[in-house]
Structure formats: structure tokens, C-alpha cells
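**Student:**
Below you can see the structure in the form of C-alpha cells.
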């Protein structure tokens, strides 16, 4: 269920606030009620599931998908540990590989994160305080921009502007001080225009995310571990942001937010990462004690949906954790043959013989969920 709420309350910190956030004012405009007993089945929200094996060359091989963006009719797959971005077409064939780690011109020291627009791939390198630009269609080096702040993630806005985020981690300290905002808006040269969502000197989060932004349509979505919800930044006017809160039944008490041991002992519910938006749906992974489960929220009927909990339910369209979206489809990845085989035995749609062999051999195979 959804409750539309317009209210103001005073708080010490919030991941969302109204324009005068410096006053410590929180304005939440929407609350999603997470009530398990009233949830429907995710399978009923999915029209079809298709398999896509990635036909990777030796150069294109990667260990992990830390971030995947579907833009320009291509899939940009970032593996931050190997410092490469593999770019495939929508048939799974490799177009090019961006692998420029080094000390020379056009080479970066790290991929802390990246984003893509119609022209460029933008790579965040905090070691060198630079943003590196590469052609979005060929990977050719195009230049670099100075970065005045340390940032964990990056997203494109309208008019050539960008959204950056920095979330202080517990036990970590910056070598150089920077203004204390979770969100920064920059121009096309990465000069900071303004900061949003301020925090105080003692603020930090014990659990960090690999990515803090997702995007869909005209909005960029931001979440961090500290807040049960999503901040929505319109690409045209990000200062006019709104906040959606998720009201978990077994939420983390505020006094335990900085104590991961008590959080684990309490088996509380919280977001495992930033949710993905697609069509009328919000996909989110929710931690439940030692495990996590995938849920959908349908904005059209204001309901939560979940995967089946026993073998008597419909397993045909079970949703694995989304890693991206493409058009009206959520994109997930098969984590291994054992999990695939178990899902199929319970009723999940079986792949054809060739794709099934690819899964057995440990190849990367994506799932595209077309939503109703």
C-alpha cells in the first residue's frame, strides 16, 4: 500500500529534505507500507523472461558486474576490480573494451564509478581527482576534467550537468577536507554549482554501496544505507527533489543505525542497495537477517509483490536481483548453474539447449524481464 503524506518534522539528519535543508527539516512526500501479508506475486507482474548469453572475447572477460548501464543501444558493463568496462550490443556481442589502467595519457588509476550519455563514457578516478572522457561508441580517449571533490558515484543531468555523491564511511577519513554534502550538482566542467543533503561533522555510514545512483526516464534515484527509501532528483531541476520512504515492519531502530553488530543480531529489514525503477515498478533487494529477498512495488496499484516462498506458488517468472534496466525491462544475471537448475525444477522458464550449456560452462547469461 502507499500513503501520500505531506508533513514536516525536525530531525538530526535525513537523506531527504526540503529546499531549506540547512534548517534540518525533513519533508517526506510518499511512504510505501512494507506489509508482507498483503503482498502479491512478482510472477503476476512479469509478461515474459528472455535469456541473453554474452559472447565475450578473451579481452572482454570480466569477474563481476559492479555496474551495468543500457544506453545508446548497448550494454556498458563495469568491473571495478579489473578496472575495465566491456561494451556489448543488445545481441550480446562485444563492441569494444575500455581497459585503460596505467600512468600514461588517457589512462586512469581506478574506476570508482562511471556513467554514460549520448556522447561519452565518464570515469571517476579519485586517485587523480579526475573524470576521464571516452567516446561512447568506440572507447576512444577524448580528454579529462579536474574533480574538486572525492565522489563515490556519478549520474548525468540535463544541459550537460552532473550529479555526484559522497557518503562518509565509518572509520574513513579524507586527506583533504571538502564541503559536507551527500549530493553535489556540477556543470559540464565538473565545477560544483551547489550541494544538497548536508551532514554534520560526526556523520558516517557503517555500510557503503558500490553504486548510489540509478536512473530511469527523467529522474536520477539516490539511496544510501542510512535511509530506508529513495531520493528522486529530476534531471531538469535536481534541486526540486522529492523523497519516498519505505516503512518496513521490522525497521532498524534509530539508535542501532551505526552499530552493524546489533543490526545483524536483530534481523532487521533494510535496503541492500539503491532500488531500480522501470515502467510502473520499483525493484528493490531487502535484507532480512542473514539473507535478502527481491521485491517489486507497483506504483499503479500501490502494492508490493514478492517471489514465492514455497513450491506451491507460481515460479515461472521469479525475479533475480536486477542489475540494470532496458526500455520496459529489468535486467538480471544468472548467478550460476546450480541456482538456475533449482529455479527450473520449481517452475522457472527453462532456457534453450544452447543457452543452458552456456550457463553450465559458467558463461555470463543475462535475464530480461518484460513487465506488464
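Numbering (the working numbering), first residue to last: 3 to 374. Heads up, the beta-carbon is just placed ideally off N, CA and C, and yes, glycines get one too.
Run through DSSP, which three-state label would residue 356 get?
**Tutor:** helix
**Student:** With distances taken Cα to Cα, identify the nearest neighbour of residue 201 among 145, 209, 34, 228.
**Tutor:** 228
**Student:** With distance defined between alpha-carbon atoms, name the residue in 98, 106, 77, 111 nearest to residue 84.
**Tutor:** 111
**Student:** If you run the structure through DSSP and keep just helix, strand and coil, what is residue 26?
**Tutor:** Here residue 26 scores only 41 on pLDDT, less than 50, and its place in the model should not be relied on; the value that follows carries that caveat. Correct three-state label for residue 26: coil.
**Student:** By a C-beta neighbour count over all protein chains shown, 10 Å radius and 16 as the cutoff for buried, is residue 263 buried or exposed?
**Tutor:** exposed
**Student:** Residue 134 by DSSP, collapsed to three states: which one?
**Tutor:** strand
**Student:** Below 8 Å, can you find three or more Cβ-Cβ pairs linking the segment 352 to 372 to the segment 52 to 65?
**Tutor:** yes
**Student:** Helix or strand or just coil, what does DSSP make of residue 152?
**Tutor:** coil
**Student:** Provide the residue span of the beta strand (DSSP E) that contains residue 272, from first to last.
**Tutor:** 271 to 273
**Student:** Please report the straight-line C-alpha distance between residue 127 and residue 173, rounded to a whole angstrom.
**Tutor:** 21 Å
**Student:** Tell me the residue span of the alpha helix (DSSP H) that contains residue 125.
**Tutor:** Residue 125 -> not in any alpha helix (DSSP H); beta strand (DSSP E) instead, spanning 122 to 127.
**Student:** To the nearest whole angstrom, what separates the beta carbons of residue 45 and residue 319, a pair I think is in contact under 8 Å?
**Tutor:** 4 Å
**Student:** Of all the alpha helix (DSSP H) runs that stay within the bounds of the segment 66 to 122, which reach a length of 4 or more residues?
**Tutor:** Counting whole runs of 4 or more residues, the segment 66 to 122 contains no alpha helix (DSSP H) stretch at all.
**Student:** Locate the beta strand (DSSP E) running through residue 287, then write down its first and last residues.
**Tutor:** In the DSSP assignment, residue 287 falls within the unbroken beta strand (DSSP E) covering 283 to 290.
**Student:** To the nearest angstrom, report how far apart residue 352 and residue 346 are at their CA atoms.
**Tutor:** Between the alpha carbons of residue 352 and residue 346 lies a distance of about 6 Å.
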